[in-house]
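S.K.:
Numbering (UniProt numbering), first residue to last: 1 to 230.
1) Beta-carbon within less than 6 Å of residue 158's beta-carbon, same chain only, minus the 5 sequence neighbours each way: which residues are those?
2) May I ask you to verify whether the stretch 181-198 touches the stretch 55-73, counting CB pairs closer than 8 Å and requiring at least 3?
3) Does DSSP classify residue 78 as helix, strand or coil?
4) Might you give, ordered along the chain, the residues of its own chain that have their beta carbon closer than 6 Å to the beta carbon of residue 82, omitting 5 neighbours on each side?
5) Grab me the residues of residue 92's own chain with a C-beta within less than 8 Å of its C-beta, minus the 5 sequence neighbours each way, in chain order.
6) Helix, strand or coil for residue 216? Go by DSSP, reduced to three states.
7) Can you tell me the Cβ-Cβ gap for residue 96 and residue 166, rounded? I've got them flagged as a contact below 8 Å.
8) Please report the Cβ distance between residue 201 and residue 11, rounded to the nearest whole angstrom; I am assuming they are in contact, meaning their Cβ atoms lie under 8 Å.
9) Starting from the Cα of residue 109, find the closest Cα among 89, 49, 180 and 85 and give me that residue.
10) Can you find the residues in the same chain that come closer than 6 Å, C-beta to C-beta, to residue 215, ignoring five residues on each side of it along the sequence?
In structure tokens:
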């Protein structure tokens, strides 16, 4: 990508790194929460569902501020972690945390819809043969929902790539450390002559977003066809 300047390329690389780890770390939690919401009935289920989708409703800046209060070095979670040498505030790891939280609802929703499309009788049949719940999930449920998991993962990655409000509030906009692709676009637009660099990053953002949406739609159609048996 020789047409990108050093600062632009650094922002793109950091965005890919942040989005990769944000998606990878949240994926197991996304599958677990999606399964719990789709299959289990327990007190506080609606509260959990509300908390999962809260980042979609709250202004991203509010989410970022809450992250700063919670995971900052003076926060109830960030303080003890800082004592162990784990710091999120104003670090790329904090950008990954913010991106993961903002992308989590999209991941959970895609996986949950896929789980709900699976006939529970198939899982019950596996259980009657003496298999544990975990083994039934691994051998019966997971193969059937795998396209949905992939679609949710793709959407989450794309959302993480485009996350801005929560990230800049939580970790600021430090070039080479926390300046992701959206933050770089914002920074370039604040300086004279930065429009060209901002436009190049905008083009990359559009390509990534459209590619993710098309791929997610393709995987979703394959999943629907697989479940329906057509």
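For glycine and all other residues, C-beta sits at the position ideal for the given N, C-alpha and C. In this text the structure is predicted, and so the values were computed from the model without any measurement.
M.R.: If we stick to the structure as given:
1) 209 and 212
2) no
3) helix
4) 73
5) 14, 17, 18, 171, 177 and 178
6) helix
7) That pair is no contact at about 12 Å.
8) 7 Å
9) 49
10) 154
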